[in-house]
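In the working numbering, the protein residues as written are -8 to 296.
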């Protein structure tokens, strides 16, 4: 009876919080709601009750652009599953890291640290895709495989399109135009995209070492950035192996706290194929929200001929 009461109380709390969009909540609330949802969804003793949910928020906007979508889904160019149609809502990628994870119940293997479960979840807490390893790995989905939307409709209704972005100087980044002094995470999506793209371009043009960039970003022209964000939550758990952490120890800025936020900007470029790149991704940058410093930045290089 006691367990039933706790479960009902937890469900009421989740429903009350779910009235507010996850992406509008402070990250600590967002995290608690998603973690509770995962504990309810993966109700199996093989997934350690002390397992940690590492959560990443993704804008999913790349599917609005035809040449990006066609690369990512070469066999589904005419239609897309309705469940994966991009919108103003976010998708959450969640990995459950278990400290006492038994990979196989039927033998005497010692418990190990691992990732026994993962999920892809919508803002309304609907789990789209999941995988969980017990004696075997079990995969799940929660959408209609036959319910599809023409891609032409998605491309036509795209809220934004590739364009040429301003490459700000350090001085410009410290001004009002780039909302200096404010948390980027607190801004509206359009502003976050503009500011984070500006920070990434500034780094690629003015702060990279010789040889890191194979082309000058000032000559690239139109680009299409997407954004995602997460926290340094993994810092709270020194037992989590580096392979499950977003960054290596020497990459993390001094003074970073587990609740601090970082952003991930991916820059897509239509000229990728002609330039000899593997994919439309031209560059990726990870940026700390607290001080707007670039933690890691990579420009993808053409394949050797």
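Each residue gets a CB set at the ideal place from its N, CA and C atoms; glycine is no exception.
State the CB to CB distance for the pair residue 214 and residue 259, rounded to an integer number of angstroms; the pair is presumed to be in contact (CB under 8 angstroms). 7 angstroms
Determine contact between the region 189 to 197 and the region 270 to 288, defined as no fewer than three beta-carbon pairs at a distance below 8 angstroms. yes
For residue 130, which of helix, strand or coil comes out of DSSP? strand
Beta-carbon gap between residue 118 and residue 71 smaller than 7 angstroms: no
Could you tell me which of 169, 60, 136 and 106 sits nearest to residue 123, measuring between CA atoms? 106
Please report the distance separating the alpha-carbon of residue 82 from that of residue 113. 5 angstroms
Less than 7 angstroms between the C-beta atoms of residue 227 and residue 244, yes or no? no
For residue 111 versus residue 84, is the C-beta distance shorter than 7 angstroms? yes
Check the C-beta distance from residue 188 over to residue 150 and give it rounded, since I have them as a contact under 8 angstroms. About 16 angstroms separates the two Cβ atoms, so there is no contact after all.
In whole angstroms, what is the alpha-carbon distance linking residue 62 and residue 55? 12 angstroms
Euclidean distance between Cα positions of residue 19 and residue 266: 42 angstroms
Spatial neighbours of residue 324 within its chain, please: C-beta separation below 7 angstroms, excluding the five flanking residues on both sides. A query on residue 324 cannot be resolved here, the shown segment of the chain reaching from -8 to 296 and no further.
Along the chain, where does the beta strand (DSSP E) that runs through residue 287 open and close? 285 to 290
In the DSSP assignment, what residue or residues form a beta bridge with residue 252? 222
Is the beta carbon of residue 181 closer than 7 angstroms to that of residue 252? no
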